[in-house]
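Visitor: Below is one structure. I have some questions about it.
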Amino acid sequence: MTPASSVLLLTTLTGFGYGLLAWLGLFCALGLLPHAPWFLPAAVMIALAFASGGLLASTLHLGRPERAWRAFSQWRSSWLSREGVASILTYPPAFGFAALWYFAGAGAPATRVLGLLAAVLALGTVYCTAMIYASLKPIRQWHNRHTAPDYLIFAAFSGATMLAAFTGIWTSHARLTGALAALAALVAAVAKRGYWRFIDRQAPLTTLASATGLAAFGSVTPLDQPHFTENYILREMGYQIARKHAAKLRRITLVVAFGLPFLFALLAAIGIAPMIAAPLAAICTGAGLFIERWLFFAEATHVAAIYYGRAV
Amino acid sequence: MTSLPQPIEGAKKLGLVIDLDTCVGCHACAVNCKEWNTGGHSAPLPDYDKYGAEPDGVWFNRIHSYEATGQDDGCGGRTVNFPRSCLHCETPQCVTVCPTGASYKREEDGIVLVNTDICIGCKLCSWACPYGAREFDEDAGVMKKCTLCIDRIYNTSLPEAEREPACVATCPSRARHFGDLGDPSSDVSKLVAARGGVDLMPELGYNPVNKYLPPRRAMIPTRATETPVRSGTGFGAALLTLVDRVLSR
Chain A
1 MTPASSVLLL TTLTGFGYGL LAWLGLFCAL GLLPHAPWFL PAAVMIALAF
51 ASGGLLASTL HLGRPERAWR AFSQWRSSWL SREGVASILT YPPAFGFAAL
101 WYFAGAGAPA TRVLGLLAAV LALGTVYCTA MIYASLKPIR QWHNRHTAPD
151 YLIFAAFSGA TMLAAFTGIW TSHARLTGAL AALAALVAAV AKRGYWRFID
201 RQAPLTTLAS ATGLAAFGSV TPLDQPHFTE NYILREMGYQ IARKHAAKLR
251 RITLVVAFGL PFLFALLAAI GIAPMIAAPL AAICTGAGLF IERWLFFAEA
301 THVAAIYYGR AV
Chain B
313 MTSLPQPIEG AKKLGLVIDL DTCVGCHACA VNCKEWNTGG HSAPLPDYDK
363 YGAEPDGVWF NRIHSYEATG QDDGCGGRTV NFPRSCLHCE TPQCVTVCPT
413 GASYKREEDG IVLVNTDICI GCKLCSWACP YGAREFDEDA GVMKKCTLCI
463 DRIYNTSLPE AEREPACVAT CPSRARHFGD LGDPSSDVSK LVAARGGVDL
513 MPELGYNPVN KYLPPRRAMI PTRATETPVR SGTGFGAALL TLVDRVLSR
């Protein structure tokens with residue numbers, strides 16, 4: 001599948017935003033956040049800014065962005081529609097959570113409940129995003145049991161690095177949040193390696209013989225193409241990445257998305273320059289997850305490309 | 313509404329039956345489809361870089377050619393021309409993933425259509441189709457697809473004999489048939505039954521309505537070789553054997 005930057009931005013930025021919002025809700029409920037009146041409103045605004053930025057970026061992917069509002073209507077069947085609805089539903093409790101923190105106090109039961117509600121809706125939105133991909137049967141690298149948990153793990157990981165960066169800058173220490181981010185980096189790395197091992201061992205969904213109804217005639221090979229130039233199907237779904245490039249990018253992902261954030265988060269956790277180390281962890285995570293998401297698309301193959309003799 | 317209609321027992325399932333035995337790969341179906349549909353329900357079907365080095369455009373039919381090679385084919389592989397278009401599936405994921413309701417399956421005849429007036433061009437339906445049947449109109453920013461010539465098959469201003477899809481009407485080798493595949497007594501259903509029509513990629517579970525008729529097995533009878541009876545030895549017998557061979561040809 002051809003990686004479109006608008007969709008890469010959507011999935012990575014919303015992961016950061018909703019991941020941070022989820023951790024804020026959970027940490028507030030557990031009473032682990034610094035009790036400064038402006039801490040949470042500022043953090044929630046940053047989380048919503050990232051999520052909104054991602055959602056706005058996704059409209060750049062549309063052929064008719066001015067009709068985007070229509071996408072809220074088909075939540076009964078479409079995960080894309082559910083994502084839109086869930087993202088809108090997340091705003092009121094998130095704003096309410098920030099307002100109650102400021103006016104009613106960090107420890108007020110209403111603040112904690114609203115924070116947890118915002119966290120659940122934030123993770124629900126990430127889940128809907130993941131299910132857009134996980135529900136697509138023609139793409140074996142997406143339609144599997146890894147996709148949805150992985151998106152939640154990466155959102156939690158990127159949100160944790162954001163929380164560490166924010167607490168590091170605000171309070172100049174990030175003991176707990178840094179440790180959390182380091183742990184999340186390890187979990188995310190394990191999940192990603194598991195995903196890669198899984199897709200490398202996956203059998204193709206179909207064969208050209210089955211796709212052409214000629215299975216009874218033995219093996220089938222392409223003879224003549226219907227057209228000599230790339231058409232929409234090939235441009236959108238026939239993307240091919242060389243195995244050696246994919247292998248290199250996987251190594252870069254492991255280092256930039258998980259290795260460096262783990263080291264920086266660990267430094268922040270043990271108290272070595274948390275004001276610098278924790279933001280660096282978040283920045284590396286952002287760059288690394290963008291590459292990771294690019295690979296998620298580039299390595300995904302669509303069965304329709306089999307008609308053109310491409311490997312699926 | 314992008315939820316699929318409840319299947320009704322005995323409901324119409326309009327579709328195509330494509331005969332891979334008689335298709336000659338002439339692309340006439342693709343051309344007539346383009347000609348009709350660029351002025352029809354989904355008009356226009358744009359072309360890009362028309363006279364340039366990389367011409368491209370929206371076409372609802374794409375004609376591939378394949379070579380099928382089996383163990384029991386004494387003469388090696390066979391060429392199979394393969395027209396590919398929307399299969400108007402019974403469980404089309406292209407419809408259910410649509411976030412706007414632009415993509416829908418008609419309850420009355422099972423035709424899968426796009427309402428281009430509300431399509432937002434998110435392209436998700438094309439990702440959900442394993443057959444590569446949907447084509448994006450880059451000019452209008454909306455998705456388009458085969459309509460089964462809905463503007464021909466119900467068109468009362470056309471003579472009744474012409475009320476069939478453009479691809480079917482134009483096929484010079486009668487490799488394309490149109491009809492109700494939900495009715496077991498229809499001509500197309502009987503044809504599918506008689507010829508062992510198959511679904512494409514049945515393992516993906518889309519239940520396509522369109523069926524493909526596999527090529528017939530080659531049955532070219534070869535004459536039994538005769539062994540000339542030798543009437544004796546010597547020149548005369550050899551001459552008679554030669555005469556017998558020549559006359560037996």
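Chains A and B supply the protein sequences, listed in that same order.
Residue numbers for the first sequence follow our numbering, beginning at 1 and rising by one.
Residue numbers for the second sequence follow our numbering, beginning at 313 and rising by one.
In this text, a Cβ means the ideal position worked out from N, Cα and C, and glycines have one as well.
Since the model is a prediction, treat every value here as computed from it, not as a measurement.
1) Report buried or exposed for A:His245, applying the criterion of at least 16 other Cβ atoms within 10 angstroms of its Cβ.
2) Taking buried to mean at least 16 other C-beta atoms within 10 Å of its own C-beta, is A:Thr221 buried or exposed?
3) List in chain order: all unbroken beta strand (DSSP E) runs of 3+ residues lying wholly within the segment 454-486 of chain B.
4) For A:Ala13, collect the residues of the same chain with a Cβ closer than 6 Å to its Cβ; drop the 5 residues on either side in sequence, then sort them by chain order.
5) Residues of chain A with a CB under 8 Å from the CB of B:Ser438: which are they?
6) From A:Phe27, A:Val312, A:Gly25 and A:Thr59, pick the residue whose C-alpha is nearest to that of A:Ala4; which is it?
7) Nearest CA to the CA of B:Lys456: which residue from B:Val392, B:Ala445, B:His489 and B:Leu316?
8) Out of B:Asp331, B:Thr482, B:Val504 and B:Asp463, which one is the CA nearest neighbour of B:Pro395?
9) Please give the ranges of any beta strand (DSSP E) in the segment 398-452 of chain B, keeping only runs that are unbroken, at least 3 residues long and fully inside the region.
10) Any beta-carbon of chain A closer than 8 Å to the one on B:Tyr524?
11) Return no unless some Cβ of chain B is closer than 8 Å to the Cβ of A:Leu214.
12) Report the neighbours of A:Leu223 on chain B: residues whose CB is nearer than 7 Å to its CB, in chain order.
13) If we count Cβ pairs, one from each stretch, closer than 8 Å, do we get three or more for the segment 344-356 of chain B versus the segment 206-220 of chain A?
14) Please confirm whether A:Ala185 and A:Pro261 have their CB atoms less than 8 Å apart.
15) Specify the secondary structure class of B:Leu326 as computed by DSSP and reduced to three states.
16) Applying a beta-carbon distance threshold of less than 8 Å, which residues of chain A neighbour B:Lys435?
17) Run down chain A in chain order and give the residues with a C-beta less than 7 Å from the C-beta of B:Gln405.
18) Run down chain B in chain order and give the residues with a C-beta less than 8 Å from the C-beta of A:Gln141.
19) Tell me, please, whether the CB atom of B:Gly327 is closer than 8 Å to any CB atom in chain A?
20) Between the segment 121-136 of chain A and chain B, which residues of the former have CB atoms less than 8 Å from a CB of the latter, in chain order?
21) Residues in its own chain within less than 7 Å of A:Leu62 by CB, not counting five upstream and five downstream?
22) Along chain B, which residues have their Cβ under 9 Å away from the Cβ of A:Leu205?
23) Using a Cβ-Cβ cut-off of 7 Å (strictly less than) and excluding sequence neighbours within five positions of B:Thr482, which residues of its own chain qualify?
24) Could you please give me the residues that DSSP links to B:Tyr360 through a beta bridge?
Guide: Per the coordinate set shown:
1) By the neighbour-count rule (16 or more Cβ atoms within 10 Å), A:His245 is not buried but exposed.
2) exposed
3) 454-456
4) Before going further, note that residue 13 of chain A is Leu rather than Ala in the sequence given. Here the set comprises Phe50, Gly53 and Gly54.
5) By Cβ distance, chain A contributes Tyr232, Ile233, Glu236 and Met237.
6) Selected option, being the one with the closest Cα: A:Thr59.
7) The shortest C-alpha separation from B:Lys456 is found at B:Ala445.
8) B:Asp331
9) 415-417, 424-426 and 447-449
10) Taking Cβ atoms only, chain A reaches closer than 8 Å to B:Tyr524, which makes this a yes.
11) At least one chain B Cβ lies under 8 Å of A:Leu214.
12) Ser377, Tyr378, Glu379 and Thr391
13) Not touching, per the Cβ criterion.
14) yes
15) strand
16) His61, Gly63 and Glu236
17) Per Cβ cutoff of 7 Å: Lys137.
18) Correct list: empty, because the minimum Cβ distance to chain B is about 12 Å.
19) By this cut-off, B:Gly327 is not an interface position.
20) Ile132, Ser135 and Leu136
21) Taking A:Leu62 as the centre and dropping the five residues before and after it, the same chain places the C-beta of Ala68 closer than 7 Å to its C-beta, in chain order.
22) Within 9 Å Cβ-Cβ: Pro442, Met513, Glu515 and Leu516.
23) Ala340, Cys341 and Asn344
24) B:Asp368
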